[in-house]
Structure formats: structure tokens, C-alpha cells
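J.:
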Amino acid sequence: MKDITIGYKATAETTASADKLAVSVGSGSLRVFATPMMAALMEEAACKAMAPFLEGDETTVGTALSIAHSAATPEGMTVTAEAEITGVNGREISLIVRAFDEVSEIGSGTHKRFVVFSEKFQSRTDQKGRA
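Per my numbering: the sequence shown = residues 13 to 143.
1. Is there a C-beta anywhere in chain D that falls below 7 angstroms from the one on PHE112?
2. In chain order, which beta strand (DSSP E) runs of at least 3 residues are fully inside the region 33-65?
3. Determine the DSSP secondary structure at THR122, reduced to helix, strand or coil.
4. Beta carbon of LEU107, beta carbon of HIS81: below 7 angstroms?
5. What does the alpha-carbon distance come out to for the pair GLY88 and ASP31?
6. If the criterion is Cβ atoms closer than 7 angstroms, does the pair GLU117 and ASP69 meet it?
7. Just grab the DSSP bridge partners of VAL115 for me.
8. Helix, strand or coil: which one does DSSP assign to GLU7?
Structure follows, in C-alpha cells:
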């Protein structure tokens, strides 16, 4: 792992399409951008923020996500998530995450990711299913 730059930011973007609405993913009955989809977009932005600092077989896994979904987004609008690296404690990385639609901020929170070796992590996880 390369030295990680505190304050480094990355973004991810999606459209609040029909398959990403609360009524479609089972997180509610309304045709609004679903909270689980916002969480996934925030994690995508966090992965992108970490990518320049990873080497070889390294990747990151999410270990904690604490968010508030503060405003609804209608179908068809663009949603953008931003992740900013705020701390490094060994292989544990802390980030602030925020999400916006075309009008305003719709969510925010904190996220932690842990740097792991892909092959070793996957192998251990696969063994769990064979026990």
C-alpha cells in the first residue's frame, strides 16, 4: 500500500432509474431513489478514493457505514456520491461520504474500509462455505 493522502476525494455517479427505486429494491413502497442504492454508491466512491493507493493484490472491504438519507430523489435524476479520506490507522481507512442529486445534498455519513489481499481474503471466505 502506498502512502495514503488525507483529503483525497473521489466520486461515483448513477441515475435514479426504475431498478434503483425503493419500491423496486424492497426498501419501501415509493418511487424514490432507495437508501440501499445510495449506500452502494457511497461505497463505490470510497473504493475509487482508495484505488490510487493500492498495490499488487490489495483491495479494500467495507467494515462500517453510518449514513443518514436526508432527502428524497425522484426517478430519472442524477445522483452523485463523494468520498473523502479522513484518516488512516494501519490498514483501516476512514472516510466521509456524501450524496447529492441535481438539487441538493441527499445524504451523508462516515465509512470505514480495510485493506486486504484479494486472493487470501477470497480463499478464506470461500472456505467458510465448505465447512
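Backbone N, C-alpha and C fix where the C-beta goes; we use that ideal spot for every residue, glycine too.
T.: The answer reads as follows:
1. In the structure shown, chain D cannot be found, because there is only a single protein chain.
2. Fully enclosed beta strand (DSSP E) runs of 3 or longer: not present.
3. THR122 falls in the strand class under three-state DSSP.
4. No, Cβ-Cβ distance for LEU107 and HIS81 is not below 7 angstroms.
5. If you take the alpha carbons of GLY88 and ASP31, they lie about 11 angstroms apart.
6. Contact: no.
7. DSSP, once it has assigned bridges, lists no residue as partnering VAL115.
8. Examination of residue 7 is not possible in this model, given that the chain is present from 13 through 143 alone.
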